Amino acid sequence: MKKILIVDDEKDIRFILEEILNEHKYHVITLGTIKEAEEFINKNSFDLALLDVLLDEKSRDGLYLLNLIKNKNKDLPVIMMSGHANIQIAVNSVKDGAFEFLEKPFNQERLLNFIKRGIEYSELLNTKKDLHDNFFKSFDFIGESKEIVKIKEAINKISTSDGRIFIEGPSGSGKELLAREIHRNSNRNKSNFVILDSSRINISNFDENIFGIFKNGELIKGHLEKANNGTLFIDNVHDLPLDVQNKILRVITDQRFKRLNDTTDITVNFRLISSSSINLAKEVSDGNFREDLFHRLNVINLNLPALVDRLSDIPLLIEYFFSIFVGNSDYKKNIKNLDLFYSYNWPGNVRELRNLVERIAILGQDNVEKIENIIYSTLNPKINIEKKNSSSTDLTLREARDNFEKEYLMKQLKKNDGNVSNTAKSVGMDRAALQRKLSSLNIRRK
C-alpha cells in the first residue's frame, strides 16, 4: 500500500483528502503544521506528498517543506496545492521540483490522476536508477593482481567514511569508475554523484558551472549544489585555475558558498573525491597548484596502476569485456594467442583494451582470421614502428599531423624536464589545452 503524506492547515481539507485516498486503498498520513511535517519528513519514508503552499505560518510555507523533501529524496513526487493560486506560485513550485500543482477546490478525478502519475513516475525513476546502479556495478574492478586486490581492500575500508580522497593514475586507468564505486558503496549512494571535469569547462563560465547563478529570474544550480548530500568528483583537478582553486578551498573550509548574482549563503555537505593523471605534488612545487588545497584533497590517497603494470589481469579483463560486447565470456575460441597483448605497452590503459575488444566484437564477427588481423594491426610494435617511420605520403593528413605533433611535443617536454606549464609557454599554448593534447596523443609524462 502506497503511503501518502498530506500537509494542510485546514482540517476540512485534510479530512476530505484522507477520505478520498483511503477509499482508493492509499495509506494516508495527515498533518496540520510545519513543525509536525518537519519531524515526520526527517524520520519517515513515504511515496508521495500533497502540500499546501500557503500554510498559516509567517516564516515558512509549503515551498519550504518541498525543498526539505527534495533534499532528502530528489525523486519523490510532491504535489503542491493552493486555494489562492496564481501562475507565479505554480511556476515557482514546479521550478523547485514539484511534480504537479493542484488548484483548490480540486477535482477528485484530477487529484487521483496526478497521484497515480506521480507514483508511476517515481517507480520509473527507481527502475532507471536500479539499471544505472547495476550498470556501474558491472564495472567493478576486474583483476586479481596485487595492485587491484589492494584497491578493492581500500574501497571496503574507506567507502563508508567521509574522508576526502585523491586518486592518482594515468589516463584510461579507471579513476572515474573507482570514484563511482566508492560512492556506490557509501552512505551517500541515494544522492547524486556529480562529475566536475576541470579540463572540459569553459574558463569564461567556470564559476557559473561550479557555484550556480541567478539569471533572468531563474535559478541555475551549479555542481556544488547538485552534489549536496552526495559525492562531488573533481576529475583532472590539476586543470583548475588558481583563482578557482582558492574558491574551492574556501568551500571545503566553510562548507558554504554564494551563487553568482546572489547574496545568500548556501550550505553544502558532500563527499569530495578528486583525481589527476599527472604528478600533483610536482605541480605544487612548480607553483601551479595551491599547496594548502593539495593537502586538503589528499587525505586518503589511492594510486591506480597502468595496465602495463598489471598485465596478469589482461585475461580476466578480456573475458569480462567479451561478456559485455559478445554476450559470453568465452574469448578463447576467438583469440588464440595473448602474446601481443602482453608485449604491448597499452598507453591508453584499460580503456584502450576495452575499445579493442569492442572493435573485435563489431568487426570480427567470430571470424578468427579477421580478429587476428585486428589484434595484429593494433598491437604489433613492429607495425607501429614502421608506421611511424614510413613516408608521410603513405599517411592520411591527420596521421601525419598527429605524428609530427607527438614527436614535437615529446621533444619540448624533454627540453623542459617534463614540466607542462613551462612547455605550454615554450609552444605558445594554454596549459589546460596542452594537457588535453598530450592526453589525446597518449603522451605520458615521466
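Position one of the sequence shown corresponds to residue 25 (this note's numbering), numbered consecutively onward. In this text, a Cβ means the ideal position worked out from N, Cα and C, and glycines have one as well. As the structure is a prediction and not an experimental result, all values here were calculated from the model.
Per-residue burial, residue i [other beta carbons within 10 Å of its own, 16 or more giving buried]
{"i": "ILE386", "result": "exposed"}
{"i": "PHE190", "result": "buried"}
{"i": "ASP310", "result": "exposed"}
{"i": "TYR432", "result": "exposed"}
{"i": "PHE130", "result": "buried"}
{"i": "ILE409", "result": "Low per-residue confidence applies at ILE409: pLDDT is 41, beneath 50, and the placement is therefore not dependable, though the value from the model is reported in the following sentence. Answer is exposed; the Cβ neighbour count stays below 16."}
{"i": "HIS207", "result": "buried"}
{"i": "ASN413", "result": "Since pLDDT at ASN413 reaches only 48, below the 50 mark, its modelled position is unreliable, and no value is offered."}
{"i": "PHE159", "result": "Caution applies to PHE159, whose pLDDT of 46 falls short of 50 and renders its modelled position unreliable; the value that the coordinates give is listed next. The residue is exposed, with fewer than 16 neighbouring Cβ atoms inside 10 Å."}
{"i": "LEU321", "result": "buried"}
{"i": "TYR400", "result": "exposed"}
{"i": "SER228", "result": "exposed"}
{"i": "ASN373", "result": "buried"}
{"i": "ASP454", "result": "exposed"}
{"i": "LEU148", "result": "exposed"}
{"i": "SER416", "result": "Residue confidence is low: SER416 scores 48 on pLDDT, short of 50, so the model does not pin down where it sits. No coordinate-derived value is stated."}
{"i": "VAL218", "result": "buried"}
{"i": "GLU307", "result": "buried"}
Cβ separation of residue i and residue j, assumed to be a contact under 8 Å, to the nearest whole Å
{"i": "LEU75", "j": "VAL102", "result": "6 Å"}
{"i": "ILE30", "j": "ILE65", "result": "About 13 Å; that fails the 8 Å criterion."}
{"i": "LEU220", "j": "ILE258", "result": "5 Å"}
{"i": "GLY142", "j": "LEU72", "result": "5 Å"}
{"i": "LYS27", "j": "PHE70", "result": "4 Å"}
{"i": "ASN260", "j": "GLY246", "result": "Not really, about 18 Å apart at Cβ, beyond 8 Å."}
{"i": "ILE175", "j": "LEU326", "result": "7 Å"}
{"i": "HIS262", "j": "LEU304", "result": "6 Å"}
Residue i - partner residues in DSSP beta bridges
{"i": "SER299", "result": "ILE191"}
{"i": "GLU242", "result": "LYS239"}
{"i": "PHE125", "result": "MET104"}
{"i": "THR184", "result": "None; THR184 has no bridge partner."}
{"i": "ALA448", "result": "In the DSSP output, where bridge partners are listed per residue, ALA448 has none listed."}
{"i": "ILE54", "result": "Contrary to the premise, residue 54 reads as Thr rather than Ile in this sequence. THR54 is bridged to ILE30."}
{"i": "LYS327", "result": "Looking at the sequence provided, one finds Asn at residue 327 rather than Lys. BP columns for ASN327 point to GLU192."}
{"i": "ARG280", "result": "THR291"}
{"i": "PHE138", "result": "In the DSSP output, where bridge partners are listed per residue, PHE138 has none listed."}
{"i": "ALA73", "result": "LEU29, VAL102"}
{"i": "ILE258", "result": "LEU220, SER298"}
Spatially closest choice to residue i from the options, by CA coordinates
{"i": "PHE138", "options": "ASN116, MET105, LEU149, LYS170", "result": "MET105"}
{"i": "LEU465", "options": "ARG455, GLU315, PRO371, VAL381", "result": "PRO371"}
{"i": "ASN293", "options": "PHE130, GLY236, LEU248, GLU242", "result": "LEU248"}
{"i": "VAL323", "options": "SER298, LYS360, GLN269, SER215", "result": "SER298"}
{"i": "LYS360", "options": "ASN325, LYS140, ASN397", "result": "ASN397"}
{"i": "LEU335", "options": "LYS449, ARG134, TYR366, LEU328", "result": "TYR366"}
{"i": "ARG274", "options": "ASP441, ASN211, ASP289", "result": "ASP289"}
{"i": "GLY121", "options": "ARG134, ASN240, LEU87", "result": "LEU87"}
{"i": "VAL332", "options": "ILE58, GLY193, LEU135", "result": "GLY193"}
{"i": "THR291", "options": "LYS250, PHE313, ARG314", "result": "LYS250"}
{"i": "ASN253", "options": "LYS96, ASN358, GLU133, LEU41", "result": "LYS96"}
{"i": "GLU144", "options": "ARG295, VAL115, PHE123", "result": "PHE123"}
{"i": "ARG295", "options": "SER117, ASN211, SER222", "result": "ASN211"}
Bounding residues of the alpha helix (DSSP H) (the contiguous stretch that carries residue i)
{"i": "VAL374", "result": "373-383"}
{"i": "ASN471", "result": "In the structure as shown, the chain begins at 25 and stops at 470. Residue 471 is therefore absent and cannot be evaluated."}
{"i": "LEU363", "result": "Checking the sequence shown, residue 363 turns out to be Asp, not Leu. Element bounds for ASP363: 363-367."}
{"i": "ALA251", "result": "Careful: ALA251 lies outside any alpha helix (DSSP H) and carries neither H nor E."}
{"i": "LEU41", "result": "35-47"}
{"i": "HIS319", "result": "315-321"}
{"i": "GLU307", "result": "304-309"}
{"i": "GLY86", "result": "86-96"}
{"i": "GLU168", "result": "Premise fails: GLU168 is in no alpha helix (DSSP H) and is neither H nor E."}
Within-8 Å CB hit, residue i to chain B
{"i": "VAL115", "result": "You won't find chain B in this structure, because it holds only one protein chain."}
Beta strand (DSSP E) segment containing residue i, residue limits
{"i": "ILE219", "result": "217-221"}
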